[in-house]
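Quick note: the sequence shown uses this note's numbering, first residue 161, plus one each step.
Only one structure is covered here, and it is reproduced in the block below.
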Amino acid sequence: MSQTGVFIIGIFFFMSIRDVFRAEETKIETDIGGDGEIPGVPMDSEIQDGMPTLKILYCVSCGYQKAFNQFSEFAREKYPDIPIEGDNFAPVYWKSQLVTVLGILKVVLSAIIMSGSNPFESLGFGYPGFLQYAHSNKLASGFMIYLLVNMLESNLSATGAFEIYVGAVQVWSKIETGRVPSQEEFLEILGKSMESK
161 MSQTGVFIIG
171 IFFFMSIRDV
181 FRAEETKIET
191 DIGGDGEIPG
201 VPMDSEIQDG
211 MPTLKILYCV
221 SCGYQKAFNQ
231 FSEFAREKYP
241 DIPIEGDNFA
251 PVYWKSQLVT
261 VLGILKVVLS
271 AIIMSGSNPF
281 ESLGFGYPGF
291 LQYAHSNKLA
301 SGFMIYLLVN
311 MLESNLSATG
321 AFEIYVGAVQ
331 VWSKIETGRV
341 PSQEEFLEIL
351 GKSMESK
């Protein structure tokens, strides 16, 4: 294998390690607590300066950051002093843990391929054909593992959520409706929620 191939696989290896350690631990709450607290919506941010906080929880891996920015602009045009918060809508606990395991697996598989080692031999399985192929085609195998595991991680992280809260009250759910509200719907919902506060 050429030095360029080793360099490229090394870059992917270190990017995978960075992904594993960059993952944030998120506190997942499964339901609303007895004190009325909504997961992801802290009670101390319910009202600031006399106005309820607009909180939008969205799916980062689905690309809803742009939609969050647009809806924030819509809200600021109508209510310039409204506090706005946005955050990732975390996937269910088991999916987030599986994403972490996949990240570690990606690093381990990359290390096995790059080093040319055979962990199956110590387990008594000999030298499997797929590992022989991976060792003889390190660059292609490294790319394949990196791309396939990243695709799985992305699919597991995607929630499709765009949940809108005014104060501690949920006023829109893409998970329930199957769509993001239009600008007119959003401003109407926001207006009604602001009047009731």
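Just so it is clear, CB atoms sit at the ideal spot from N, CA and C, and this is done for glycine as well.
As the structure is a computational prediction, the values presented were derived from the model and not from experiment.
> Quick one: what's residue 330 bridged to in DSSP?
Replying inline: Position 170 of the sequence shown, counted from the start, is the residue given in the question as residue 330. DSSP, once it has assigned bridges, lists 325 as partnering residue 330.
>> Within 10 Å of its beta-carbon, does residue 143 have 16 or more other beta-carbons around it, so buried, or fewer, so exposed?
In response: Within the shown structure, residues of the chain are numbered from 161 to 357, placing residue 143 beyond reach of any answer.
>> Let's see if you can read the secondary structure: which residues bound the alpha helix (DSSP H) around residue 349?
In response: Here residue 349 refers to the residue found at position 189 of the sequence shown. Taken as a continuous stretch (DSSP letters only), the alpha helix (DSSP H) holding residue 349 covers 343-356.
> Under a three-way DSSP split, which group does residue 223 fall into?
Replying inline: Numbered from 1 along the sequence shown, position 63 holds the residue referred to as residue 223. Here residue 223 sits in coil by DSSP.
> Does the stretch 234-247 touch the stretch 289-308, meaning 3 or more C-beta pairs lie closer than 8 Å?
Replying inline: no
> Can you find at least 3 beta carbon pairs, one from the stretch 302-312 and one from the stretch 326-333, that sit closer than 8 Å?
Replying inline: no
> Does the beta-carbon of residue 314 have 16 or more other beta-carbons within 10 angstroms, so that it is buried, or is it exposed?
Replying inline: On the sequence shown, residue 314 is found 154 positions in, with the first residue counted as 1. With fewer than 16 other Cβ atoms within 10 Å, it is exposed.
> Counting only runs that start and end within the stretch 250-337, where is the alpha helix (DSSP H) found for 4 or more residues in a row?
Replying inline: 253-275, 279-282, 289-296, 298-317 and 334-337
> Do you know how far the Cα of residue 267 is from the Cα of residue 167?
Replying inline: The residue you call residue 167 lines up with position 7 of the sequence shown. The residue you call residue 267 lines up with position 107 of the sequence shown. Their backbone Cα atoms lie some 16 Å apart in a straight line.
> Who are the Cβ neighbours of residue 238 in its own chain at under 8 Å, not counting the five residues just before and after it?
Replying inline: On the sequence shown, position 78 is the one that residue 238 refers to. These residues qualify, in order along the chain: 347, 350 and 351.
> From what residue to what residue does the beta strand (DSSP E) around residue 218 run?
Replying inline: Locating residue 218 in the sequence shown gives position 58, where the first residue counts as 1. Its beta strand (DSSP E) spans residues 214-218.
>> According to DSSP, is residue 170 part of a helix, a strand, or is it coil?
In response: Taking the sequence shown and counting its residues from 1, one reaches residue 170 at position 10. Residue 170: helix per DSSP, three-state reduction.
>> Measuring only the C-alpha atoms, how far is residue 214 from residue 253?
In response: Within the sequence shown, residue 214 is the residue found at index 54, counting from 1. Within the sequence shown, residue 253 is the residue found at index 93, counting from 1. Using only the alpha carbons, I get a separation of about 25 Å.
> How many angstroms separate the CA atom of residue 356 from the CA atom of residue 319?
Replying inline: Residue 356 sits at position 196 when you count from the first residue of the sequence shown. Residue 319 sits at position 159 when you count from the first residue of the sequence shown. Computed Cα separation, rounded: 30 Å.
> Per DSSP, what kind of secondary structure is residue 165 in: helix, strand or coil?
Replying inline: As a working mapping, residue 165 is identified with position 5 in the sequence shown. Looking at residue 165 - three-state DSSP - the assignment turns out to be helix.
> Can residue 274 and residue 173 be called in contact, C-beta distance under 8 Å?
Replying inline: Locating residue 274 in the sequence shown gives position 114, counting from the first residue. Locating residue 173 in the sequence shown gives position 13, counting from the first residue. Cβ atoms of residue 274 and residue 173: closer than 8 Å.
> How big is the Cα-Cα spacing for residue 322 and residue 169?
Replying inline: As a working mapping, residue 322 is identified with position 162 in the sequence shown. As a working mapping, residue 169 is identified with position 9 in the sequence shown. Those two C-alpha atoms are separated by around 37 Å.
> Cβ of residue 212 within 8 Å of Cβ of residue 326?
Replying inline: The sequence position of residue 212 within the sequence shown is 52, counting from 1. The sequence position of residue 326 within the sequence shown is 166, counting from 1. Contact flag set, yes.
> Sorted by chain position, which residues of the same chain lie with C-beta nearer than 7 Å to residue 269's C-beta, five sequence neighbours on each side aside?
Replying inline: If you number the sequence shown from 1, residue 269 lands on position 109. 305, listed in sequence order.
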